[in-house]
Amino acid sequence: MKKAGSLIRVAVPVPLADGFDYLWDGEAAAPLPGTRVEVPFGRGHRIGIVLEHPAESGLPPEKLKAARRALDPEPLLGPELLGTLRWAADYYQHPIGEVLSHALPGLLRKGRPVEAARGPTYRLTDAGAAQAADALRKKAARQADVLEYLATGARSIAELRRTGATAATLRRLVELGWIEAVPDCARAGSASAPQRPTPALAASIAPAFAPPPLTDDQRNALERIRENGKPAGACLLYGVTGSGKTEVFLRLVAEELAAGRQSLLLVPEIGLTPQLVARLEERFGAALAVMHSALPDGERLAAWRRARDGQAGVVVGTRSAVFAPLVRPGLIVVDEEHDASYKQQQGFRYSARDVAVLRAHRLGVPVVLASATPSLESFHNAKSGRYRLIEMPRRIGAGGAPRIRVIDLGRHASRQGLSTPLIDAMSRRLANGRQVLLFLNRRGFAPTLFCPTCCEVEECARCDARLTVHASAGELRCHHCGSARRLAWACPRCGTERAAVGAGTQRVDEELKRLYPDERIGRLDRDATSRKGALGAVLAEASSGNTRIVVGTQMLTKGHDFPNVTLVGVLNADQGLFGTDFRSDERLAQTIVQVAGRAGRRDEPGEVLIQTQHPGHPLLACLLAKGYDAFAELALDARRRAGWPPFSHLAMWRAEATQRAPVAAFLERVRAAAARASHVKVLGPAPAPMERKGGRYRMQLLLQSRERPPLRALLADLVPDARGWREARKVRWSIDVDPLEV
Ligand code: ADP
Ligand code: ZN
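So, in structure tokens, the structure goes:
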């Protein structure tokens, strides 16, 4: 056995087991956990991350290979973040190497040094320090900004650029003798030590910003969250759209910044919330770092680095930003906490919301979950006292809550998805110069191509699904596997002209153009926004008021604030009413309340019209008559009786292959193995809701337990075993702990 300290256990990004042991025989001491190392792997080499220094290895000494080199002079991941990631790997039963690699920007995964590409760093000269920035401000505001910024310490050119300083301004200041480039040697000492945001820094980089005076609800919410912060706990900020929730957590973020601490703010999708990002920029200026997967590699690394060295006092990002490195964390906020995009649905299937709560707990900082439609899990946690519940039931302004009316599609004529009462209401609002939003969760022209002679519907050859008609592109497309073929109206069997049945957003868009030829109409769905920049353009046109009617899918429900909208139409509420999934009720209620929240201005109440074939459906009736609270209580009752989460814990074991038999055989073996465990119920294997997708057969097995420990113990036992099974070689399989869809 090798001596302790000369062995390192390394997480390598491969879908295998846990860590791999290597010898460390370098001159220097073995690199600390969290450091990147290059190690021989298979026939090549890989970049991995040191997990620990094991006392001994399970491998005989002659089998151990030596690590080649360390890539970082000090650990890339601190103990807290490494610990959180190891917890997540364990909890979600995902290989640690892939988990760590998910948390790192691509350039770091590839071995790029963490340090910025070095441009010059500037500092104030004595003459510059003596300049009164206030006096200068009138003549040369840009120059004054730079002097003020540098008064807090030397800054790299990249940082200066982010504050808006141009090369010309910097050149001019050097000429004036007020700033100078710092020589390399002077920089070296401070570069590696993480810089902390100081109160002075925070003040200097946030431009003067006067937030609005708080409403009573906001003041109350802030007080209660602050109380809950000592000792740190979780809060559910449950407030209707427009109640001022965002303002509440922005205040908290500002307080943290002033105290020199960082805040992590998670949002569902950056592209869909440009207004929030603009608000953050306005308020926090250069202290803001934005992290999301669409960023170019270089920017992503830069944001990561600024979070890690503390220059970013506010980190805003999507799902994977929950793993942002933080040097002085003070607060975590999860906005729209109910949003399904917090759950990664492939590979490392984790819930960023749940990880955020755990991470805040490990860090000892408060976490705020905010939503107008909390997930039933969070709602339950709040009602049972695990989270503090903070409610903001009133909208700001005199507009008040929107009026909701149901339109019975059985009683009113409709054309391409638009009923007569809805069209009347639209015409009235448009005549008053207002905007209208129409929600339809179905893109394309029509969801079905039907032959009236053969009574056949055109289906995807690779999926158990209908093909959607995309009339303008002249294609039939599968929304599940992405395959497409040319649209032919004549039936291939009998030659009859076929009909496009039902309406998607494109068809509604066309109908609107026919009804309102003089109005600008915008479409917000994946087809209309796939080109780069198109999404931003559609949103900007809508928020400026140029677009008078916006028809869109789920994308409409996210946090936009179109100030002139006074009417929202839900074209088809029935899509979610009869879902097979135990969460379909919850999703429908959230969607309806979220789109309804887009209606109404500060000074004018909004109206929401909901079209349905089933106006008497108990869920709809409860939601519309009594609101989301009452719905949530009712739905939780149903979950309790049926034993679904949050009253039980689930793990979904999925498998797929081009043939059905090996899938069944594999899951059958899982079932047999799982059946031995006590306190865990095994349901299945059964075909997936869409059994064939993309030419592969898919089946699933659900594991369910009342308490979490028996389920975790079973998975910990079974998953490593299953990786070695003969049956596992013929299928693709995955584990989904706390699945969103079953
Ligand atoms: P929510 O996040 O609950 O939807 P916001 O914080 O975005 O609410 O506030 C809704 C609107 O009201 C925004 O336009 C915001 O600028 C404005 N607002 C928020 N707080 C106040 C306040 N205290 N006084 C006046 N306007 C406010
Ligand atoms: Zn398909």
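If you read the sequence shown in the numbering used here, its first letter stands for residue 5, the second for the next number, and so on. Cβ atoms here follow ideal geometry from the backbone N, Cα and C, with glycine treated the same way. Note that this is a predicted model, so its numbers are computed, not measured.
A straight-line Cα-Cα distance of about 11 Å links Arg511 and Leu422. Exposed is the label assigned to Ala131, since fewer than 16 other Cβ atoms lie within 10 Å of its Cβ. When DSSP reads this structure, His474 sits in a beta bridge with Glu479.
With a threshold of 7 Å, the Cβ atom of Ser388 does not count as near the ligand ADP, since no heavy atom of the ligand is closer than that. With a cut-off of 7 Å, the C-beta of Arg466 is classified as near the ligand ZN, since at least one heavy atom of the ligand falls inside that distance.
Runs of the beta strand (DSSP E) lying entirely within the region 212-288 and spanning at least 3 residues, in chain order: 238-243, 266-270. In the structure shown, Phe586 adopts coil according to DSSP, grouped into three states. With the rule of 3 Cβ pairs closer than 8 Å, the region 634-654 does not count as touching the region 437-451. In this structure, the ligand ZN has no non-hydrogen atom nearer than 7 Å to the beta-carbon of Gly48.
Secondary structure note for Val178: its alpha helix (DSSP H) is the uninterrupted segment 171-180.
Around the Cβ of Lys697, a 10 Å sphere holds 16 or more other Cβ atoms; the residue is buried. Counting only runs of at least 4 residues, the region 522-587 fully encloses the following alpha helix (DSSP H) elements, listed from N- to C-terminal order: 538-548.
Residue state for His365 is assigned as helix, using DSSP reduced to three classes.
Here the alpha carbons of Glu608 and Leu81 stand approximately 51 Å from one another. Where Gln615 is concerned, the enclosing beta strand (DSSP E) starts and stops at 611-616.
With 16 or more other Cβ atoms from the protein chains shown falling within 10 Å of its own Cβ, Gln266 counts as buried. Its chain contains Leu27, Asp29 as the residues whose beta carbon lies nearer than 6 Å to that of Ala70, once the 5 sequence neighbours on both sides are disregarded; these appear in chain order. In this structure, the CA atom of Val178 is about 14 Å from the CA atom of Arg159.
Cβ-Cβ distances below 6 Å link Glu56 to Arg13, Pro37 in the same chain, with the five nearest sequence neighbours on each side left out; the list follows chain order. For Ile739, the three-state secondary structure derived from DSSP is strand.
When DSSP states are grouped into helix, strand and coil, Arg13 belongs to the strand group. Distance check between Ala475 and each of Leu491, Gly620, Cys482 places Leu491 closest, using alpha-carbon atoms only.
Not a single heavy atom of the ligand ADP lies less than 7 Å from the C-beta of Ser547. Cβ contact annotation for Ile183 (same chain, cutoff 8 Å, sequence separation greater than five): Tyr126, Arg127, Leu128, Thr129, Gly132, Val150, Leu151, Leu154, Leu174, Leu177, in chain order. Distances taken from the Cβ of Ala469 to the heavy atoms of the ligand ZN include one shorter than 7 Å. For the ligand ZN, no non-hydrogen atom lies closer than 7 Å to the CB of Gly448. A straight-line Cα-Cα distance of about 20 Å links Arg166 and Ser297. Annotated three-state conformation of Arg399 is coil, per DSSP.
Distance from the CA atom of Leu539 to the CA atom of Asn568, rounded to whole angstroms, is 19 Å.
At a Cβ-Cβ threshold of 8 Å, Ala34 and Ala238 do not count as neighbours. Judged by beta-carbon spacing, Ala636 lies beyond the 8 Å limit of Leu256, meaning their Cβ atoms are not closer than that value.
For the region 127-163, the continuous alpha helix (DSSP H) assignments of 4+ residues that do not extend past its boundaries occur at 130-134, 137-143, 145-154, in sequence order.
Annotation: Leu261 to Ala139 spans about 27 Å, alpha carbon to alpha carbon.
Bounds of the beta strand (DSSP E) holding Ala185 are 183-185.
With a cutoff of 7 Å, Ser247 counts as near the ligand ADP, since its C-beta is closer than that to a heavy atom of the ligand. Taking C-alpha positions only, Leu528 is separated from Thr662 by approximately 35 Å.
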